[in-house]
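Read top to bottom, the protein sequences are chains A and B.
Counting in my numbering, the first sequence runs from 5 upward without gaps.
Counting in my numbering, the second sequence runs from 204 upward without gaps.
Below you'll find the structure, written out as structure tokens, and then a few comments.
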Amino acid sequence: MKDIAHLFSPSATLAVLGGGICGLTAAVEAAECGISTHLIEISPQLGGRVRSLASYFPKLCPPSCGLELLTARLRRQSRLTLHLATRLVGYAHAEGRHTLTLQACDPADAAVSSALSTLRCDAVIIATGWRPFPLAALAERGAVHPLCLSNMQLEHLLSPDGPSGGIPVRPDTGTPPRRMAFIQCAGSRDVNHMSHCSAVCCSATLKHCRLLLERLPDLHIDVYYMDLRTPGRLFALREALSGYEQAGRLRFLPARPFRAVPDGRGMRLPAENTQTGEHLAHAYDLVVWATGMRPSLSPHDMPPAAAARPNLPEGWQGPLLPQAESLPLPLLLDRQGFVMEREESGLFAAGCAVRPMNVADSVRSGAAAVTRALGYLHQRMDAASRAGASETERTAREGRDHA
Amino acid sequence: MPVAAEAPSPDHCSSDAARLLQDAGDKALACLQCGMCGVVCPHAASVSPWPRKEMLWLAWGEQDRLHRDPDIWLCRDCGHCSQLCPRGADPAAVMAALRAAACRRLSGGLPSAGRPAWLEAWGLPLLGLAGWVLIWLIRFLQTGTWFPVVRTTPDASGILFAALYPVGLIDAVFLLTALGVLLILGRGAYRQRQAYAPAGKLLRLGPRTSALSDLWAVLRDGLSGQDFARCRLAEVVPETIPAEEKTTDDALRTPPDADHHQRRGHILLTASLLVLAAVSGYVAVGHWAGLLGWSWAFATPLPQLNPIKLVANLAAFTLLLGLWHLWRRRHAEQRHRRLLPQGRRMLLLFFGITLSGLAAQWLRLAGMPAAYAVYTLHLALVWALFAGLPWSPLAHLVYRTFALFHVRRYGRCRPHTFSASSDAKDA
């Protein structure tokens, strides 16, 4: 580490936006490379969405282990400054340096105004992550119903510290479900909602199936899919489920139910099995909508202008950014709200802010962003030292001329 | 699968396929085969529903299967599938393009490749107009006057269309055209029959119904608008979005009365056209009976207060009302799906026919010679409607009826149900 650390002047500063697993990785890696790093997180806790997961796939280990390792590395770093419960309200760019205006926020009451502080840095890593696609947006497909839940809600129910001890129950009867359905691509790959594939929902569903079938011996599950997309080695997850498939407890149905219809005591899912051309209308105790990832910077999630307006002090002369942006940075977003990185700007993007990805890929993406940021800082330092050298040369020449 | 006896020339084939894709829209190939469209469709059968398989066949270029598919005619073009398609692949436009292609194929005619678009759109009305102007010129040479004003009519107005175009001439032109159209449509229906016939011998179980009762049931459902009764999006997708959370997007995506306009417009149009056809038949019979010297015969023009005349005028206004409904429906649907230009042209043609007919009548009553010119335009447009019928959306009169009749004969007419009380099997 020392070999790299001497390359940077102590003033080289990096800011990381977002304290999820990706931002945390990026901040720790950057600090270990000798850069003084500031980690800015809007919530009062680190860990982001990963904290709310029941387990990682494919190993099904608890999510705390990865976070604990990172926290241990974080503790050893004196160059890393944490800004928890802090949000970015302003941004300015001058002479290659970024000036971030930060404001401590009260998560309970966003309207409480507090003091502003400024942070000057040389590069910024954006690791703002994602938000779950809201079930309310699928109301016309019948997803707003007590017997319908999203995969993130199920994740919460499955975690050991969930409300029912890791076993989901029907909210009306309080009994464990006997028949459950998963509807894949709920909101994803749909031009009416998000046209991108969220990349993790299929694997997550396979993981959920395994956890549920292990814990509930009477449960039967149907998975309605367009096509199962399990990138990398994750398809092994499905192979691990083949025993349940042979036992008839798990079925994969190539169908897309357009609506969940309340029927008697359950939910019925009218659909066409596209392999057989047969019309299906099975009934279920619980229907899980495998909702996808919407980038946090998505234009759909822009808060109303009034709520986003920071409480600036009277007579504020500093930069005031367009409040329509959910993050006041000069970023290029694609139509879905994913960041299109421009390295020359010194703003680097990582994790689910770039594209939907699973936890392992997010960690790698965070580290990769640090590598790009290091290269950028190094080039700038080279250029600055060359400019400094020529300046000294010129003054020396002028001095000679004078003499 | 029967092998085509003679392979079509590659050029013709590719131009057909290209035209089909162009009509269906560039998004048609974005289909992911999720199968949502067939479930949304209120008419789709419970076994191998449409339009998913048609989307697949289109993408694969399975022309032969598409030719043998009666299901394209079972779609009533309500557009629910296009509204809810996750890929924006617009299955309703694909079905409409397939129907237009089927009309071209079943009715035959010149290949459309290389023809300018305006010629295809307005060629027939222009041809009709040219024909009637030619007849006008011939009559001018015969009578020696542009506007043969006749003073001796019982109608004091002094304008008599029969003096310019004798009834016999009109009947000859239109009856010959109608005969040709009937032959072409008959050949098309025969081709449909050949294409749809199942291979081998079919064993029918259960009670037999007579072909006549099946045909009657098809016509009854079609003419009464019963078919469209199921095409209500509100019944497929209930209002579950609270009003305050509704965005403008949602409001745009569910045009409130497109289905209502379609049903109402179709019923009004059909009823008024039937009435007008009956009136025309009655007038023709009266004319020819008069020539044969039968005492009860009558001559045109009928007095304005004659019940037949009153009914005919009423039908003209009903026609306008129906056209207005269909026009409104087109505008509501256009917001979220592609519509073929043929439909708009057909509506414009109908508007032109109705308005020119009414205007000719009013000008005649006012005694203005301009009535002859407007009447000529009216005749030209009516002729264009008749002559172009086998290739226009109106050909569905025969082709959809035949397809519905066919599936009724072969027992493929029972759609699945959405309702909570459905007796669909529960595994």
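A virtual CB, placed ideally from N, CA and C, is assigned to each residue, including glycine.
All of these numbers come straight from a predicted model, not from anything done at the bench.
Which first and last residues belong to the alpha helix (DSSP H) in which residue 377/B is found?
Residue mapping note: residue 377/B aligns to position 174 of the second sequence, counting from 1. Taken as a continuous stretch (DSSP letters only), the alpha helix (DSSP H) holding residue 377/B covers 370-399.
Which class does residue 318/A belong to by DSSP, given the choice of helix, strand or coil?
The residue labelled residue 318/A in the question sits at position 314 within the first sequence. A caution first: residue 318/A carries a pLDDT of 43, below 50, which makes its placement in the model too unreliable to give a value.
Please classify residue 196/A: does DSSP put it in a helix, a strand, or coil?
Stepping through the first sequence from its first residue, residue 196/A is reached at position 192. Coil, per DSSP.
Just tell me which of 39/A, 204/A, 93/A and 29/A has its CA closest to the CA of residue 57/A.
The residue you call residue 57/A lines up with position 53 of the first sequence. Minimum Cα distance to residue 57/A is reached at 204/A.
Distance check for residue 87/A and residue 45/A, CA to CA, integer angstroms please.
Against the first sequence, residue 45/A aligns to sequence position 41. Against the first sequence, residue 87/A aligns to sequence position 83. Going from the Cα of residue 45/A to the Cα of residue 87/A covers about 6 Å.
Just to confirm, are residue 286/A and residue 272/A a CB contact at a threshold of 9 Å?
Position 282 of the first sequence, counting from 1, holds the residue named residue 286/A. Position 268 of the first sequence, counting from 1, holds the residue named residue 272/A. Cβ distance < 9 Å, so residue 286/A and residue 272/A count as in contact.
Comparing alpha-carbon positions, which option in 38/A, 37/A, 100/A and 42/A lies nearest residue 387/A?
Walking along the first sequence from the start, residue 387/A turns up at place 383. Residue 387/A has its Cα closest to that of 100/A, out of 38/A, 37/A, 100/A and 42/A.
Kindly identify the DSSP beta-bridge partner or partners of residue 97/A.
For the purposes of this step, residue 97/A is taken as the residue at position 93 of the first sequence. According to DSSP, which records beta bridges pairwise, residue 97/A is partnered with 102/A.
Does the distance from the CB of residue 243/B to the CB of residue 283/B come in under 9 Å?
Here residue 243/B refers to the residue found at position 40 of the second sequence. Here residue 283/B refers to the residue found at position 80 of the second sequence. The answer is yes: Cβ separation under 9 Å.
Answer yes or no: does any C-beta atom of chain B fall closer than 9 Å to that of residue 249/A?
As a working note, residue 249/A is residue 245 in the first sequence. Chain B contact via Cβ: absent.
So which of 239/B, 232/B, 246/B and 225/B has the shortest CA-CA distance to residue 430/B?
To locate residue 430/B, count along the second sequence from 1; it is residue 227. Among 239/B, 232/B, 246/B and 225/B, the Cα nearest to that of residue 430/B belongs to 246/B.
In three-state terms, what does DSSP make of residue 1/A?
The question about residue 1/A has no answer here: the residues shown for chain A are numbered 5 through 407.
Go to residue 557/B, then tell me how far its alpha helix (DSSP H) extends in each direction, as first and last residue.
One-based indexing of the second sequence puts residue 557/B at position 354. Residue 557/B -> alpha helix (DSSP H) spans 544-569.
On the DSSP letters alone, give me the boundaries of the beta strand (DSSP E) that residue 275/A sits inside.
As a position in the first sequence, residue 275/A is number 271, starting the count at 1. Residues 270-277.
Helix, strand or coil, according to DSSP, for residue 26/A in the structure here?
Position 22 of the first sequence, counted from the first residue, corresponds to residue 26/A. Reduced to three states, the DSSP call for residue 26/A is helix.
Under 9 Å Cβ-Cβ, which residues of chain B neighbour residue 281/A?
Looking up residue 281/A in the first sequence gives position 277. Going along chain B in sequence order, the residues near residue 281/A (Cβ under 9 Å) are 238, 241, 250, 251, 252, 255 and 256.
What separation, rounded to the nearest whole angstrom, lies between the Cα atoms of residue 105/A and residue 358/A?
Numbered from 1 along the first sequence, position 101 holds the residue referred to as residue 105/A. Numbered from 1 along the first sequence, position 354 holds the residue referred to as residue 358/A. The straight-line gap from Cα to Cα measures roughly 23 Å.
Using CA coordinates, which residue listed in 490/B, 578/B, 580/B and 276/B is at the minimum distance from residue 597/B?
By one-based count along the second sequence, residue 597/B stands at place 394. Residue 597/B has its Cα closest to that of 276/B, out of 490/B, 578/B, 580/B and 276/B.
Run through the DSSP bridge pairs and tell me what residue 346/B is partnered with.
The residue you call residue 346/B lines up with position 143 of the second sequence. Paired residues: none, contrary to the question.
Suppose the cutoff is 6 Å on Cβ atoms and the five residues either side in sequence are ignored; what does the same chain contact list for residue 293/B look like?
For the purposes of this step, residue 293/B is taken as residue 90 along the second sequence, with counting starting at 1. Counting only Cβ-Cβ distances below 6 Å, and skipping sequence neighbours, we find 228, 230, 285, 540 and 541.
Residues in the same chain with beta-carbon distance under 7 Å from residue 452/B, minus the five sequence neighbours each way, listed in chain order, please.
As a working note, residue 452/B is residue 249 in the second sequence. Residue placement at residue 452/B cannot be trusted, given a pLDDT of 45 that sits under 50; the coordinates are not used to answer.
Going by beta-carbon coordinates alone, are residue 275/A and residue 238/B separated by less than 9 Å?
By one-based count along the first sequence, residue 275/A stands at place 271. By one-based count along the second sequence, residue 238/B stands at place 35. Their beta carbons are under 9 Å apart, which means residue 275/A touches residue 238/B by this criterion.
Starting from the beta carbon of residue 260/A, find every residue of chain B whose beta carbon is closer than 7 Å, and list them in chain order.
On the first sequence, residue 260/A is found 256 positions in, with the first residue counted as 1. Residues of chain B passing the Cβ test: 237, 238 and 239.
State the DSSP-derived secondary structure class of residue 3/A, mapped to helix, strand or coil.
Nothing in the structure corresponds to residue 3/A, since chain A is present only between 5 and 407.
Decide if residue 335/B is buried, meaning its Cβ has at least 16 other Cβ atoms within 10 Å, or exposed.
Locating residue 335/B in the second sequence gives position 132, where the first residue counts as 1. With 16 or more Cβ atoms within 10 Å of its Cβ, residue 335/B is classed as buried.
Taking CB distances under 9 Å as the criterion, tell me whether residue 228/B reaches chain A.
Start at 1 with the first residue of the second sequence, and residue 228/B comes out as number 25. No - not a single Cβ of chain A is within 9 Å of the one on residue 228/B.
Check whether chain B comes within 9 Å of residue 156/A, counting only Cβ atoms and requiring the distance to be less than that.
The residue labelled residue 156/A in the question sits at position 152 within the first sequence. No, because no Cβ of chain B sits closer than 9 Å to the Cβ of residue 156/A.
For residue 180/A, which residues in the same chain have their Cβ closer than 8 Å to its Cβ, ignoring the five residues on either side in sequence?
Here residue 180/A refers to the residue found at position 176 of the first sequence. So the qualifying residues of the chain are 171, 172, 173, 174, 220, 222 and 223.
Are the C-beta of residue 290/B and some C-beta of chain A separated by less than 9 Å?
Along the second sequence, read from residue 1 onward, the residue named residue 290/B stands at position 87. So yes, residue 290/B belongs to the interface.
Are residue 50/A and residue 23/A closer than 9 Å when you measure CB to CB?
Here residue 50/A refers to the residue found at position 46 when the first sequence is read from its first residue. Here residue 23/A refers to the residue found at position 19 when the first sequence is read from its first residue. In this structure, residue 23/A lies closer than 9 Å to residue 50/A by Cβ.
From the DSSP output, in three-state form, read off residue 412/A for me.
This structure does not reach residue 412/A, given that chain A is present from 5 up to 407, and the question cannot be answered.
Among 614/B, 594/B, 589/B and 611/B, which has the Cα closest to the Cα of residue 382/B?
As a position in the second sequence, residue 382/B is number 179, starting the count at 1. The option with the nearest alpha carbon to residue 382/B is 589/B.
Please identify, using Cβ separations under 8 Å, the residues of the stretch 395-415 of chain B that lie next to chain A, in order along the chain.
For the stretch 395-415 of chain B, which is checked against every Cβ of chain A, not one residue is closer than 8 Å.
Buried or exposed: where does residue 614/B fall if 16 or more other Cβ atoms within 10 Å of its Cβ makes it buried?
Translated into positions along the second sequence, residue 614/B becomes position 411. Exposed is the call here.
Go ahead and pull the three-state DSSP assignment for residue 248/A.
On the first sequence, residue 248/A is found 244 positions in, with the first residue counted as 1. Note: residue 248/A maps to helix in three-state DSSP.
Within 9 Å of any Cβ in chain B, is that where the Cβ of residue 235/A sits?
Stepping through the first sequence from its first residue, residue 235/A is reached at position 231. Closer than 9 Å: no.
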